[in-house]
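Protein sequences appear in the order of chains A and B.
Going by full-length UniProt numbering, 179 is the number at position 179 of the first sequence; the sequence numbering is gapless.
Going by full-length UniProt numbering, 636 is the number at position 636 of the second sequence; the sequence numbering is gapless.
Idealized CB from N, CA, C, for every residue including glycine.
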Amino acid sequence: MAGLELLSDQGYRVDGRRAGELRKIQARMGVFAQADGSAYIEQGNTKALAVVYGPHEIRGSRARALPDRALVNCQYSSATFSTGERKRRPHGDRKSCEMGLQLRQTFEAAVLTQLHPRSQIDIYVQVLQADGGTYAACVNAATLAVLDAGIPMRDFVCACSAGFVDGTALADLSHVEEAAGGPQLALALLPSSGQIALLEMDARLHEDHLEQVLEAAAHAARDVHTLLDRVVRQHVQEASILLGD
Amino acid sequence: MLQKREKVLLLRTFQGRTLRIVREHYLRPSVPCNSPLCPQPAVCRNDGKLLSSDVTHYMIPDWKVVQDYLEILEFPELKGIIFMQTACQAVQHQRGRRQYNKLRNLLKDARHDCVLFANEFQQSCYLPRERGESMEKWQSRSIYNAATWYYHHCQDRMPIVMVTEDDEAIQQYGSETEGVFVISFKSYLDNFWPDLKAAHELCESILQSRRERENESQESHGKEYPEHLPLEVLEAGIKSGRYIQGTLSVNKHRAQIEAFVRLQGASSKDSGLVSDILIHGMKARNRSIHGDVVVVELLPKNEWKGRTTALGENDGEFPSEPMPTGRVVGILQKNWRDYVVTFPSKEEVQSQGKNARKILVIPWDYRIPKIRISTQQAEALQDFRVVVRIDSWESTSMYPSGHFVRVLGRIGDLEGEIATILVENSISVVPFSEAQMCEMPVNTTENPWKVSSEEERERKDLRKTHLVFSIDPRGCEDVDDAFSVRALDNGNLELGVHIADVTHFVASHSYIDIEARTRATTYYLADRRYDMLPSILSADVCSLLGGVDRYAVSIMWELDKTSYEIKEVWYGRTIIRSAYKLFYEAAQELLDGNVDIVDDIPEFGDLDEKSRQAKLEELLWAIRKLTDIARHVRAKRYQCGALELEGVEVRIQLDEKKNIHDLIPKQPLEVHETVAECMILANHWVAKKIWESFPHQALLRRHPPPHQEFFSELRECAKAKGFFIDTRSNKALADSLDNANDPNDPIVNWLLRSMATQAMSNALYFSTGSCAEEEFHHYGLALDKYTHFTSPIRRYSDIIVHRLLMAAISKDKKMEIKEDLFSNKDLEELCRHINNRNRAAQHSQKQSTELFQCMYFKDKDPETEERCISDGVIYSIRTNGVLVFIPRFGIKGAAYLKNKDGLVISCSPDGHSEWKPGSLQRFQNKITSTTTGGESVTFHLFDHVTVRISVQASRCHSDTIRLEIISNKPYMMPDTELFQQSSLLLKSDLVKEVTRSVEEAQLAQEVKVNVIEKDYQKYCQTKGRSLYTLLEEIRDLALLDVSNSYGI
């Protein structure tokens, strides 16, 4: 069998999308009553759940408290059934820790932490099904959850991944495309200012192509923003109808 | 755009376990249908190639048809083919990369009327696979459904024929929809293309070979070869260094036993191997064929073997040092192509016996194993050269099995043999099609081609201001370069090189462009040429003929008046009118101050004395200045350490116009060097320009420095004659070659030079993005950047460079770049193609020359004919013979000192040789043959001997020239005192012969262009005088053949 063709001559990807097209995104806010904020997102077959607690007093050691801003605490875990082959440990492995740190960096850049000195904000993200672009899904879910919790932010944080195949940048990689081993770039963007909250890539890519891939990821992140914005507005509308009665 | 999401469930087993994978699948309301009948082309976004509108029906092949009969679908006669995505994927998954790439190229090729329809991404065409439905059934169902949709999409205006091999499908769908017919492939061909005989034959032969294969797999007797390892194991093995990857090349002379694997890329560094790896025997070669990319496992050291250095088919009695030996464990890439074969003669067929319908045919190329063909036409095809393709090579079969494709011509017939050479080099030169010719400009007497006013505005007009002239061989038609020199107002000089503006007429991606890209170069065979561009361009509107307006791309340098330093350079499109079309000899005469030649120049014909004198003065000044400048530039280049291989470039440029003044290295006309130097200068500056503008996607040409090891033979040979060759740098090499001149024997120097050039690597085209900047260097010319710019009429690389230059100019002017440039990756691919084609052009030229040599000597009786006995020079020593070069005919060949019966040569005192029992002893520079009687004779390197030339006829392969040493003395000159004289004679004889043959060859060439066909019949059958001119021409080419092989 010949190798999988990630981008056909006609410009179609394996799942029928074109190079710049996103997977279908569906999201819901306020899925749990007991958390301060919560959200659920599906990006294609990647499904993630995020809950936010806080801002509240520092739990545990008081020494961790920051005098001028709030502490953002992120935890990432992925369900044992989330991947093709069953995982042994849901959290605590290297990859999860790293992902937690990345989420923390992203949200420290977006949340207005200086408004809540000496307090703590907890963000817990769980991936239910991993089908490529888990980081992006986690960020997007967490953004919605933070918004749901009513914690002030500079802007939405919208994330999307992008890859590079045969001279073309592909937006929002699926698992098949990730597994093919090409370069993959993850970008978290503050869409209205265009500032980058986090940019990560751990493969070799020629400098000349970086611009192109970055542009594809940014464009996709803006598209994600449009969708998330619609979700938030709808949620607020529903909530205000309920409250208004 | 609206999207809907659907899921595809795939069940997949991996390592025994069942894994359930869910994949997304996105559908869209419209995908490009690429039909001219589409009611809403804007919605469908039909921006690719469209089906032609003059077809009677659309044909949709089923997946099985695409898999099995792709070769027939490739016929350009079959039009209006729609490949469904489902079918393409079936090919991709089940038939491997080679077949799939073939399909992709077919779809990309604008000349074939076929398109792809992405039915699986179309909302109403997509059908999910039902539970329990087999893959095959689902594929057929999808394709039929898409066909129906397509029919309705075109508003029922075009009937659709779905061609399938599945009888159930024919029954089920046959009459379901009106306008969509479902028939089998056989009946499709019968009904729609009854006249396309070639397709029918091919279909028949494919069917038969498939049937055979099925039978065989049922029998499946004992295994002949070990199985190949799976791909993952190979890749892991290569990474870990356990296996080695490389290209297999089979030794032509011992195709059964010896093959070598040339290492590729990184693997050679890791394993610490420097030499190639020997693959000994067919078993170890494990079904790989010459040219395949294979994976090799090294054998333990005690099983290593040596390569043989003996000539010909004698048993390898004297193996050399053991070298790394291995066996093939897998094939990464099969590079099968079309092969020319010959059916065995009747007697042999009968002896093959038991399985009468299977026949082992013998490929023309020695390196290819015999191929099994099942056909009933064996007897009818006995005397023909036939093209076959290999289908498969199972591990149970001794030989690969293939099928018959088409007939080329009779064995021994000139046209058939030429066609054989073309097919073997994968050269396809069909006449230009109507669609291609439609794109060409018109230039007839009633409708002459004119400069358009639009172009006049955009181009710089040099017609009034510059004196432009061209210098070419006599009678040359395709003039692609011209010069101008003038003094500027500020006292400086302006040198201009003007190249025919081919890209103006050949638009990027036009039909003619695609055709030229496929050909990549003009092919020059011994007796004919196949042009890259139609003659309307190459010999007319693009050719910079005298006295007519032509478009050109010009480079103009402003030079300091005394120091000739380059101050400024200008590139751009121009209009020129060449004032003089000079030929080399005339230009040289003018330069030497010999003005009598003026009468030979037609441009001076009808002028009165006074204006004639004035014009002549003007031209003389220009030529002298040009020569001055060229001298200066050349001197500067040599200072930088340029290699002076006697104006290598001159020789190459000229040999393609069949002019070989350069054969006598000491006496080339200076004009040649002047012209060449200007071309090198132009190429160099263009290379710099395009590289600066497009650092990652410019097409340049590099010549890597040679490996010192390769020079050892040269050094040894030179030492035998008492010369020292310093090969450390290009300059040192050139100097020592100049010194290595035997006043008694000019052939020695010539041979040494050809050895030096053989030791060098080939110059190559490459894309700057794929190579480090240090590697751009051109060794032969000692330039840091070089490209080919000056012959766009006969080289495709130059066309690309022209487009790059045009884009660079518009980039400088901050204008939009109109040209569609290649990305680095595409350009790299293209460079590989062009390099490959150039090699094919050289091979075909060489092979056709050999063909003519053989045809010439075939008619002669070696015992009686004077011509068959000639003087030869020994230029290499092997264990059982010597290699001899015959200057008179330019033939190189092997002469055995030991014959098949084990007898060795011995020479009587008067020099005549006979065969006697004895033994051979080989030394570094000589070989001694000692008979049992104690007589001995020694042959040294560069010894002159007398050889008899005969032809060894072969039915299945090309004929070969055979040499036999009949005396160890130079031919007809037994007296040593006379020897001196003889070499002088030889030299002047050569000069005379050469100059005469040049004239004749050119005359012959002109005539031949018109009446090739007719002439040829005559040449082959009569032994009249005309054959002589033909042979002379062949000889010219043969002498150049070595210098050609490194093609700078």
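Closest to residue i by CA distance: which of the options is it?
i	options	result
B:Asn-968	B:Cys-154, B:Asp-742, B:His-57 and B:Ser-913	B:Ser-913
B:Ser-770	B:Arg-837, B:His-93 and B:Gln-697	B:Gln-697
A:Ala-50	A:Ala-35, A:Thr-83 and A:Thr-80	A:Ala-35
B:Arg-242	B:Asp-596, B:Ser-428, B:Asn-34 and B:Val-329	B:Val-329
B:Glu-212	B:Gln-853, B:Thr-342 and B:Arg-372	B:Arg-372
B:Ser-484	B:Ser-175, B:Asp-472, B:Arg-474 and B:Thr-465	B:Thr-465
B:Ala-630	B:Asp-549, B:Val-497, B:Cys-438 and B:Ile-575	B:Val-497
Under a CB-based cut-off of 8 angstroms, is residue i close to chain B?
i	result
A:Asn-140	no
A:Gln-10	yes
A:Asp-172	no
A:Gly-16	yes
A:Glu-5	yes
A:Ile-73	Ile is not the amino acid found at residue 73 of chain A; the sequence shown has Asn there. Not closer than 8 angstroms to any Cβ of chain B, the Cβ of A:Asn-73 fails to qualify, so no.
A:Val-176	yes
A:Arg-23	yes
A:Asp-223	no
A:Gly-181	no
A:Gly-54	no
Measuring only the C-alpha atoms, how far is residue i from residue j?
i	j	result
B:Gly-237	B:Glu-297	9 angstroms
B:Gln-245	B:Glu-303	20 angstroms
A:Pro-67	B:Ser-823	55 angstroms
A:Leu-173	A:Leu-199	16 angstroms
B:Pro-400	B:Glu-394	7 angstroms
A:Ser-77	A:Arg-94	11 angstroms
B:His-253	B:Leu-229	30 angstroms
B:Glu-313	B:Arg-262	In this prediction, B:Glu-313 scores a pLDDT of 46, lower than 50, which makes its location untrustworthy; the coordinate-derived value is nonetheless stated afterwards. Each residue's Cα considered, the two are about 23 angstroms apart.
B:Arg-307	B:Glu-258	8 angstroms
My output table needs one value for residue i: the three-state DSSP class, helix, strand or coil.
i	result
B:Gln-952	strand
B:Met-815	coil
B:Tyr-571	strand
B:Trp-691	helix
B:Met-755	helix
B:Met-532	coil
A:His-175	helix
B:Arg-474	coil
Which word fits residue i, buried or exposed, when buried means at least 16 other C-beta atoms lie within 10 angstroms of its C-beta?
i	result
A:Thr-226	exposed
B:His-778	buried
B:Arg-20	exposed
B:Leu-488	exposed
B:Thr-521	buried
B:Lys-858	exposed
B:Gln-653	Note that B:Gln-653 scores 31 on pLDDT, short of 50, meaning its location in the model is unreliable and no value can be drawn from it.
B:Cys-114	buried
B:His-152	exposed
B:Asp-472	buried
B:His-672	buried
A:Ala-220	buried
Cβ of residue i less than 8 angstroms from any chain A Cβ?
i	result
B:Lys-102	no
B:Asn-1044	With a pLDDT of 38 at B:Asn-1044, under the threshold of 50, the predicted position of this residue should be treated as unreliable, and no value is reported.
B:Tyr-26	yes
B:Val-22	yes
B:Phe-604	no
At least one CB of chain D closer than 8 angstroms to the CB of residue i: is that the case?
i	result
B:Lys-108	This model lacks chain D altogether; the protein chains it does include are A and B.
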